[in-house]
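S.K.: Okay, handing you the structure first.
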């Protein structure tokens with residue numbers, strides 16, 4: 138990644154953050170904290186990694202991405218709009234009656250959404266089926282899936298983890314958005330997930346640990362995952378909940394609460410300042 | 479009369495369908511020998527996925543296969559397939575309206591010796607409460623075979639309820655099952671017996687007994703519980719003026735409830751529900767259990783006579 142590309146991605150990530158704040162602020166509800174933590178990961182994925190055709194969302198050879206932590210829907214929607222899956226104006230109808238952008242991703246209403254998610258753990262399980270189908274059909278598409286750290290407390294996550302290793306699904310690359318928080322507090326207060334990287338290794342996964350806001354590290358991890366044969370890859374990405382907005386960073390209350398108009402202004406002003 | 483378990487019919491027809499259709503895939507959760515998907519596994523190992531003892535992940539995986547153009551049939555015991563994996567079926571299969579087929583065996587008390595923990599008496603209730611779900615309960619092997627074939631052709635979430643025990647084959651080769659259409663097995667004018675699953679054979683036996691005492695019973699096989707065949711229920715109730723339902727399932731939220739919902743809105747007539755009276759099952763031989771839970775032809779005869787007696 139050269140400096141021009143990096144600058145381009147930084148600008149895009151910043152724009153995605155502003156969209157998340159505006160969307161949830163306008164909706165008056167939603168999950169900004171866990172949306173902001175995954176911005177760099179999805180920015181790199183959608184710009185540098187995924188094979189896709191936004192004007193043909195059901196292109197059979199496309200790479201798949203499932204947002205298993207479905208409450209980060211504002212992040213996914215902002216990224217999909219930036220790639221042209223649907224008009225940007227739709228973002229401002231998030232969570233409104235009749236909107237194509239439901240509170241949690243719904244494949245029936247939103248182009249580019251590969252699976253309806255929101256009930257945690259289920260999207261990850263669905264990715265196993267997509268990867269098995271890819272192997273069965275001898276297709277070389279890859280299946281990407283993003284999980285939350287709190288999400289990994291769901292039993293089905295480990296059922297699916299076991300199955301992916303058992304079936305040697307090296308066409309799956311999962312990312313753990315490890316921001317350390319969930320609704321009721323930090324992971325360590327609520328239900329410790331540590332040692333999380335060891336758990337995935339023990340389940341037979343190739344594990345890469347990175348800083349989830351480092352664009353170059355993210356790109357390198359996705360590249361490394363493509364070279365791993367015979368086992369699935371989990372990228373454990375250390376992130377900051379609420380990243381980019383000073384008063385939201387590492388504040389658990391911003392898991393599932395939108396900014397009021399004053400806070401929205403303040404957050405957007407901060408982000409515009411960083412953008413320079 | 480020849481007796482075949484509906485799970486055996488399922489296992490056989492899967493192989494037949496597998497030969498014709500490459501997009502058919504089968505999943506099981508370590509019960510392939512019991513659900514009879516083992517036959518498919520032997521012939522098409524590359525299209526069979528044993529997910530181990532993890533019913534939730536089996537359903538999620540089936541969703542991913544369906545989203546990739548496959549037509550997955552996922553099997554386990556009805557207790558686990560519908561109970562353990564319920565929220566997967568709700569949020570991933572039905573909410574997303576995916577083309578996933580859940581064919582569960584060992585429904586009802588005729589599971590027998592394994593006991594109440596393994597006898598699903600609430601699966602119809604769970605499945606029929608979900609939007610987009612089609613619920614089919616075949617009465618015999620002939621109907622089970624056709625139901626599986628039609629479920630393959632039909633696009634959308636489908637639940638097929640299968641049994642462990644051998645049940646009489648009541649249909650001939652010329653029988654034609656249609657999703658959403660009840661079948662009048664025997665016409666009559668005095669009372670409508672609406673049954674599902676193995677209770678259809680019991681209902682036919684009961685109708686013969688009733689004929690001897692001058693009661694001409696109509697026997698309706700309600701093999702699709704959802705969408706339910708409103709017309710056939712209403713037409714029959716109008717003709718006979720009395721309805722008795724019979725199911726190997728809790729009387730709460732199964733066939734009896736579904737029929738009552740139709741009657742109360744369209745044609746309220748006196749009605750009785752035969753089924754398990756809000757209880758769990760227990761160990762025993764299938765026939766002993768049918769007797770203990772009041773699920774025999776004799777119980778239907780008794781209930782019909784009692785209802786008729788009140789009306790005369």
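Residue numbers (this note's numbering), protein chains in the order written: chain A, 138 to 413; chain B, 479 to 790. Think of the CB as a built atom: it goes at the ideal place given N, C-alpha and C, for glycine as much as any other residue.
(1) Nearest CA to the CA of residue 285 of chain A: which residue from A:405, A:236, A:168 and A:161?
(2) Nearest CA to the CA of residue 387 of chain A: which residue from A:171, A:151, A:240 and A:150?
(3) Quick check on this structure: which residue in B:716, B:546, B:746 and B:750 has the alpha carbon closest to the alpha carbon of residue 781 of chain B?
(4) Does DSSP classify residue 715 of chain B as helix, strand or coil?
(5) I want to see whether chain A comes within less than 8 Å of residue 538 of chain B, judged by CB atoms only; does it?
(6) Using beta-carbon positions only, say whether residue 492 of chain B and residue 503 of chain B come within less than 8 Å of one another.
(7) Along the chain, which unbroken stretches of the alpha helix (DSSP H) at least 4 residues long are found entirely within the segment 721-759 of chain B?
(8) Helix, strand or coil: how does DSSP classify residue 683 of chain B here?
(9) Measuring alpha carbon to alpha carbon, tell me which of A:341, A:216, A:310 and A:250 ends up nearest residue 374 of chain A.
(10) Output, in chain order, the set of chain A residues within a Cβ distance shorter than 7 Å of residue 565 of chain B.
(11) With distances taken from CA atoms, which of A:184, A:221 and A:253 is nearest residue 210 of chain A?
(12) Listed in chain order, which residues of the segment 520-546 of chain B have Cβ atoms closer than 8 Å to some Cβ of chain A?
(13) Please determine if the segment 345-352 of chain A and the segment 366-373 of chain A are in contact, where contact requires at least 3 C-beta pairs separated by less than 8 Å.
(14) Could you work out which residue in B:734, B:628, B:738 and B:513 is closest to residue 557 of chain B when comparing CA atoms only?
(15) So what's residue 709 of chain B in DSSP terms, helix, strand or just coil?
(16) Could you pull out every unbroken beta strand (DSSP E) segment of at least 3 residues lying fully inside the segment 172-211 of chain A, listed in chain order?
(17) Around the C-beta of residue 411 of chain A, are 16 or more other C-beta atoms found within 10 angstroms, so that it is buried, or is it exposed?
(18) What residues in its chain sit with their C-beta under 7 Å from that of residue 472 of chain A, if we drop five residues either side in the sequence?
(19) I want to know whether the segment 506-524 of chain B touches the segment 567-575 of chain B - three or more CB-CB distances under 8 Å.
(20) Does the CB of residue 553 of chain B have a neighbour CB from chain A at under 8 Å?
(21) Can you give me the Cβ contacts of residue 510 of chain B inside the same chain, cut-off strictly under 7 Å, excluding the 5 residues immediately before and after it?
(22) Residues in the segment 274-296 of chain A with C-beta within 7 Å of chain B's C-beta atoms, listed in sequence order?
(23) What three-state label does DSSP hand residue 637 of chain B in the structure shown?
(24) DSSP on residue 279 of chain A, reduced to helix/strand/coil?
(25) Kindly indicate if chain B contains any beta-carbon less than 8 Å away from that of residue 312 of chain A.
(26) Pairing CB atoms from the segment 711-731 of chain B with CB atoms from the segment 672-681 of chain B, are three or more of them under 8 Å?
(27) Have a look at residue 396 of chain A and residue 164 of chain A and give me their C-alpha separation to the nearest angstrom.
(28) Verify whether the separation of the beta carbon atoms of residue 638 of chain B and residue 657 of chain B is less than 8 Å.
(29) If the cut is a Cβ gap below 7 Å, which residues of chain A does residue 573 of chain B touch?
(30) Looking at the structure shown, is residue 375 of chain A part of a helix, part of a strand, or coil, going by DSSP?
(31) What's the C-alpha gap between residue 266 of chain A and residue 380 of chain A?
(32) I want to verify the contact list: residues of chain A whose CB lies under 8 Å from the CB of residue 569 of chain B, in sequence order.
(33) Please go through the same chain and pick out, in chain order, the residues whose beta-carbon is closer than 6 Å to the beta-carbon of residue 623 of chain B, but skip the five residues on each side of it.
(34) Helix, strand or coil for residue 480 of chain B per DSSP?
(35) Nearest to residue 183 of chain A by alpha carbon, out of A:158, A:146, A:166 and A:207?
(36) Using a 10 Å radius around the Cβ and a threshold of 16 neighbouring Cβ atoms, would you call residue 666 of chain B buried or exposed?
M.R.: So, from the data block:
(1) A:168
(2) A:171
(3) B:750
(4) helix
(5) yes
(6) no
(7) 733-744
(8) helix
(9) A:310
(10) 256
(11) A:253
(12) 524, 525, 527, 529, 530, 532, 534, 535, 537, 538, 539, 540, 541, 542, 543, 544, 545 and 546
(13) yes
(14) B:513
(15) helix
(16) 201-204
(17) exposed
(18) Look at the range of chain A in this structure, 138 to 413, and you will see that residue 472 of chain A is not part of it.
(19) no
(20) no
(21) 516, 519 and 528
(22) 293 and 296
(23) strand
(24) coil
(25) no
(26) yes
(27) 10 Å
(28) no
(29) 253
(30) strand
(31) 33 Å
(32) 253, 255, 256 and 259
(33) 487 and 491
(34) coil
(35) A:146
(36) buried
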